[in-house]
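Going by the working numbering, the first residue of the sequence shown is number 1349, and it counts up by one from there. Everything on this sheet refers to the single structure shown next.
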Amino acid sequence: MAATPLRCGPALGRHALAGALGPGPGAWFAAARPAPLPAAPPAVRSSSSSVGCRSRAAAASALVREEVEPEVAATTVAEKLLQSLGGEPASFTLWFAKGYGRRAAPIGPLLQERLGGSVVVGATSEGGVIGDGAEAQSGTFALSALALAGDGIRAFPFHTGALGTLPELGRGGSWAEAREGVDPVCAAAFASLPVPGPVDPQSWAGLLDTAFARLGGTPGGRPPPPVIGGLPVGNHVFVDGTEHAGGGFGMVLQARLPGASLEPVVCQGAVPFGPWLKITGVAGDHVVTGLNGQAPRQVLEPLMNGPEVPGEGLTMAGIFVDPAPTSSLAAASSASLALAALEGRPSCLVRPLHTFTEEGYLVLSPLTDSLPYAEGMQLQLHCFSSQHALAELRARAEHDVAVHGGRPPDAAVLVSCGARGEQLHGKEGVESRILSEVWGRHVPTVGFFAGGEFGPVGLRTYMHGYTTSCLMLRAEKES
């Protein structure tokens, strides 16, 4: 999780610099808070929910907490999923487990056996798990799983031990078909921590962007397929019958029925304020020496103390980055960017501000390992807080429901920064409750608390910090 933020002094008034927050060079690791093994395990707490996805598909999720034995936890989860699915075999299942470490090895095989040999992908996530409308960060043991049945969405699993290599797709899938086909596709992609090899997670996300990029752009000017996921803290990975020690893994999902959709909702938790500012000087990959031709301190301090500051919070910078992931998308139309914004994709990448140097230069978190700050980039201040994070999550979720005629998703994959959840909001389950309120019913969910989150900004995938990155699944059009 993130380090304690550096609070502002009297010179900065009521707004704080984010200090050591956010992803920086090699700062992808988010350590789970240690929790002692209970002397006597408490009673197992579990929940499950399901939703019919019209006539040919169904979704179900289950969360089991404080079950010491992974075999028992997996069996309980499988039984709940099958019961919720009405005995119908699952087409694919995604799971995450906290607290079991290497003992998580039986979970994947047990779920795959009990759920009829479907595609099963999962991993350990010691930062906590999300699922079935709840969150489990502070407890010792938890297992969360989401299963979909029917023919609405197909899953093609993948794994690679080296993030610089595009993995082959299992179950007869191919990147070419995913790229050139007419059906909506997306990637639920994850990279276990510690990250294997010299390739950084941002490059891994960019590689998936490239795999999805098609010559001439997407049909109808639509945004490219989204990549949603993140970095679970843990080294046990299970992909479709095979165990792995870490690596990059996930599923390419393909919506096969009319009206089906696989859409991102990315919530960075920060509200913009003040004018757009032009970067006019940089030093290295994370120091800005000039804004609008002046020293950054001279420009920013009045804004951070001014009347436009939207309440208490930590100051961050929203950088308007180049949205084109590959040369084939370099001529992406303004209509594509507008549609991307309407589909829950933010237009800027938010990074924490750390401090000012003696010269008045601004030190902030790097954008990515391969994309430094550059003269000519546009910057706007943002305020990050629990209040703003919850308001944005609610607004974006409401928008997602509204554009689908008031229909909530059939299921959702939720990846939230380890510095959100209980650490930001003071208790567990706050964001999951917000989503349940917006949806108006219990939507099956699965996810985890991450050391970095994948999600699109404009037309390109980036690794975020302090973000909740969601994938909303609708298996087919509502009849």
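Just so you know, even glycine gets a beta-carbon here, dropped at the ideal spot from N, CA and C.
Secondary structure of residue i, DSSP reduced to three states
{"i": "G1813", "result": "coil"}
{"i": "F1444", "result": "strand"}
{"i": "H1790", "result": "coil"}
{"i": "V1420", "result": "helix"}
{"i": "G1479", "result": "strand"}
{"i": "R1519", "result": "coil"}
{"i": "A1383", "result": "For A1383, the predicted structure reports a pLDDT of 31, less than 50, and the residue's modelled location is therefore unreliable. The matter cannot be settled from this model."}
{"i": "R1451", "result": "helix"}
{"i": "L1821", "result": "strand"}
{"i": "R1502", "result": "strand"}
{"i": "E1746", "result": "helix"}
{"i": "R1808", "result": "strand"}
{"i": "E1723", "result": "coil"}
{"i": "A1388", "result": "Confidence at A1388 is low in this model, with a pLDDT of 32, below 50, so the placement of that residue should be treated as unreliable; the coordinate-derived value is given next. Looking at A1388 - three-state DSSP - the assignment turns out to be coil, as it is neither helix nor strand."}
{"i": "E1776", "result": "coil"}
{"i": "S1439", "result": "strand"}
{"i": "L1741", "result": "helix"}
{"i": "S1432", "result": "helix"}
{"i": "V1533", "result": "strand"}
{"i": "E1785", "result": "helix"}
{"i": "E1415", "result": "coil"}
{"i": "V1669", "result": "coil"}
{"i": "E1707", "result": "coil"}
{"i": "E1660", "result": "coil"}
Residues near residue i in its chain [Cβ-Cβ closer than 6 Å; skip 5 each side]
{"i": "S1439", "result": "S1466, L1496 and A1497"}
{"i": "R1381", "result": "Residue confidence for R1381 is low, a pLDDT of 28 falling below 50, so the modelled location carries little weight and cannot support an answer."}
{"i": "L1442", "result": "V1469, L1494 and V1794"}
{"i": "A1408", "result": "S1398, L1429, S1432, L1433, A1495 and P1792"}
{"i": "M1462", "result": "Checking the sequence, you will find Arg at residue 1462 rather than Met. Excluding sequence neighbours, R1462 sits near A1426."}
{"i": "A1421", "result": "V1412, E1415 and L1491"}
{"i": "A1510", "result": "G1545"}
Boundaries of the alpha helix (DSSP H) in which residue i is found, first to last residue
{"i": "R1887", "result": "An answer regarding residue 1887 cannot be provided, because it is not within the stretch 1349 to 1827 covered by the chain."}
{"i": "S1551", "result": "P1549 to F1560"}
{"i": "L1772", "result": "G1769 to H1773"}
{"i": "L1474", "result": "Before going on, a small fix: residue 1474 reads as Glu here, not Leu. No alpha helix (DSSP H) contains E1474, which DSSP labels as neither H nor E."}
{"i": "L1458", "result": "I1455 to R1462"}
Continuous beta strand (DSSP E) stretch holding residue i: start and end
{"i": "L1511", "result": "Where L1511 is concerned, there is no enclosing beta strand (DSSP E), given that its DSSP letter is neither H nor E."}
{"i": "T1637", "result": "V1635 to L1639"}
{"i": "H1702", "result": "L1697 to F1704"}
{"i": "Q1728", "result": "Q1726 to F1732"}
{"i": "T1488", "result": "Segment: none, T1488 is in no beta strand (DSSP E) and carries neither H nor E."}
{"i": "A1759", "result": "A1759 to C1765"}
{"i": "H1752", "result": "No beta strand (DSSP E) contains H1752, which DSSP labels as neither H nor E."}
{"i": "L1710", "result": "L1710 to L1712"}
{"i": "E1591", "result": "T1590 to A1593"}
{"i": "T1716", "result": "Segment: none, T1716 is in no beta strand (DSSP E) and carries neither H nor E."}
{"i": "L1541", "result": "Element bounds for L1541: n/a, residue is neither H nor E."}
{"i": "V1581", "result": "No beta strand (DSSP E) holds V1581; DSSP gives it neither H nor E."}
Cβ-based neighbour list, residue i, same chain, cut-off 8 Å, excluding 5 preceding and 5 following
{"i": "S1301", "result": "Outside the shown range of the chain, which is 1349 to 1827, sits residue 1301, and nothing can be said about it."}
{"i": "T1705", "result": "V1635 and V1711"}
{"i": "M1725", "result": "K1626, I1627, I1667, F1668 and V1669"}
{"i": "H1736", "result": "G1617, A1618, V1619, P1658, G1659 and G1661"}
{"i": "E1656", "result": "F1621 and G1622"}
{"i": "E1707", "result": "T1637 and A1643"}
{"i": "G1372", "result": "Reliability of the predicted coordinates at G1372 is poor, the pLDDT of 35 falling under 50, and no value is obtained from them."}
{"i": "G1449", "result": "T1472, E1474, G1582 and H1584"}
{"i": "V1786", "result": "R1742, A1745, E1746, V1749 and P1756"}
Own chain, CB closer than 7 Å to residue i, minus 5 neighbours either side, in chain order
{"i": "M1664", "result": "A1366, A1618, V1698, R1699, P1700, L1701, H1730 and F1732"}
{"i": "G1651", "result": "Before going on, a small fix: residue 1651 reads as Leu here, not Gly. Cβ within range, chain order: G1622 and L1729."}
{"i": "R1821", "result": "According to the sequence shown, residue 1821 is Leu rather than Arg. Excluding residues within five positions, the ones whose Cβ falls inside 7 Å are I1501, L1610, P1757, D1758, A1759 and A1760."}
{"i": "V1613", "result": "G1692, R1744, A1745, D1748, C1818 and M1820"}
{"i": "E1723", "result": "I1627, T1628, G1629 and V1630"}
{"i": "V1718", "result": "It should be pointed out that residue 1718 corresponds to Ser in this sequence rather than to Val. Cβ within range, chain order: Q1550 and S1551."}
{"i": "D1531", "result": "Q1602, A1603 and R1604"}
{"i": "L1772", "result": "S1734 and A1737"}
Cβ-heavy atom distance, residue i to the ligand ZN, below 7 Å
{"i": "A1537", "result": "As presented, the structure is devoid of all ligands, the ligand ZN included, so that no description of it is given."}
Exercise. Can we say the segment 1541 to 1561 touches the segment 1616 to 1627, given the rule of at least three CB pairs closer than 8 Å?
Worked result: The segment 1541 to 1561 vs the segment 1616 to 1627: no contact.
Exercise. Using 8 Å as the threshold, is the segment 1468 to 1485 in touch with the segment 1780 to 1795, meaning 3 or more CB pairs across them?
Worked result: Yes: at least three Cβ pairs fall under 8 Å.
Exercise. Any chance the segment 1584 to 1598 sits against the segment 1799 to 1811, with 3 or more Cβ pairs inside 8 Å?
Worked result: No, they do not touch.
Exercise. What runs of the alpha helix (DSSP H), each 4 residues or longer, lie entirely inside the segment 1595 to 1656?
Worked result: Runs of the alpha helix (DSSP H) lying entirely within the segment 1595 to 1656, each at least 4 residues long, are 1644 to 1652 in chain order.
For this session: Could you tell me whether the segment 1497 to 1511 touches the segment 1599 to 1617, where touching means 3 or more Cβ pairs closer than 8 Å?
Result: Three or more Cβ pairs drawn from the segment 1497 to 1511 and the segment 1599 to 1617 lie within less than 8 Å of each other, which places the two stretches in contact.
Exercise. Per the contact definition of three or more C-beta pairs closer than 8 Å, is the segment 1520 to 1528 in contact with the segment 1450 to 1463?
Worked result: Counting C-beta pairs closer than 8 Å gives fewer than three between the segment 1450 to 1463 and the segment 1520 to 1528, which falls short of the contact rule.
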